[in-house]
Amino acid sequence: MLMRTDPFRELDRLSRLLEPGTWSRPSAMPMDAYRKGDEFVVAFDLPGVSPDAIEIDVERNMLTVKAERRPVADTDDVQMELSERPLGAFSRQIMLADTLDTERIAADYDAGVLTLRIPIAERAKPRKISIGTSEHKEISG
Numbered sequence: 004m005l006m007r008t009d010p011f012r013e014l015d016r017l018s019r020l021l022e023p024g025t026w027s028r029p030s031a032m033p034m035d036a037y038r039k040g041d042e043f044v045v046a047f048d049l050p051g052v053s054p055d056a057i058e059i060d061v062e063r064n065m066l067t068v069k070a071e072r073r074p075v076a077d078t079d080d081v082q083m084e085l086s087e088r089p090l091g092a093f094s095r096q097i098m099l100a101d102t103l104d105t106e107r108i109a110a111d112y113d114a115g116v117l118t119l120r121i122p123i124a125e126r127a128k129p130r131k132i133s134i135g136t137s138e139h140k141e142i143s144g
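In this note's numbering, the protein residues as written are 4 to 144.
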């Protein structure tokens, strides 16, 4: 149901660790993906992200989720003592299989978790095929 399209993700993560001053840069959103009954479910961890700062797009079979974690405090009159939570914009793309109905994706955001429910397309569901019989009749003339 899910095809990974980012073979260099681990390399990118390691290179970010080696760059000076980038240890707090946001990384890819952690996610779980599984099939439950007749739907495919993808859950993204987005703690501290406002629902209006989340954007979900589907083009053909490419699902793109973009989110932005903004500072909680107004920076004009706040003196930050410690800042370990990553801020900024980040995104994740997932190639969806043709067996999913991308026209009917449902999204829900609760307790910092974005959950997408994608129905399995009718053409991809298992179905029984009945076997007909044909009787051969002789024609006499």
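Cβ atoms here follow ideal geometry from the backbone N, Cα and C, with glycine treated the same way.
Inter-residue CB distance, residue i and residue j (contact presumed, cutoff 8 Å)
i, j, result
"Leu103", "Ala110", "About 14 Å separates the two Cβ atoms, so there is no contact after all."
"Leu99", "Ile121", "7 Å"
Selected residue, minimal CA-CA separation from residue i, among the options
i, options, result
"Asp113", "Ile97, Val52, Tyr37 and Arg63", "Val52"
"Ile2", "Pro50, Leu117, Ala124 and Thr67", "Here the chain covers residues 4 to 144 and nothing more, so residue 2 does not appear."
"Phe93", "Arg72, Asp41, Arg63 and Gly115", "Arg72"
"Asp48", "Ala36, Ile121 and Arg63", "Ala36"
"Asn64", "Pro50, Asp101 and Ile123", "Asp101"
"Glu42", "Ile123, Ser137 and Gln82", "Ile123"
Beta-carbon gap between residue i and residue j smaller than 8 Å
i, j, result
"Pro74", "Leu85", "no"
"Ala70", "Met34", "no"
"Thr105", "Val45", "no"
Span of the beta strand (DSSP E) around residue i
i, result
"Gln96", "Gly91 to Leu99"
"Met34", "Met34 to Lys39"
"Met65", "Met65 to Arg72"
"Arg120", "Val116 to Pro122"
"Ala110", "Ala109 to Asp113"
"Asp80", "Asp80 -> no beta strand (DSSP E), and no H or E assigned at all."
"Ala46", "Glu42 to Asp48"
"Asp52", "Reading the sequence as shown, one finds Val at residue 52 and not Asp. Val52 -> no beta strand (DSSP E), and no H or E assigned at all."
"Glu58", "Ile57 to Glu62"
Cβ contact (3+ pairs, closer than 8 Å) linking the segment 44-57 and the segment 125-134: Result no; under three Cβ-Cβ pairs closer than 8 Å.
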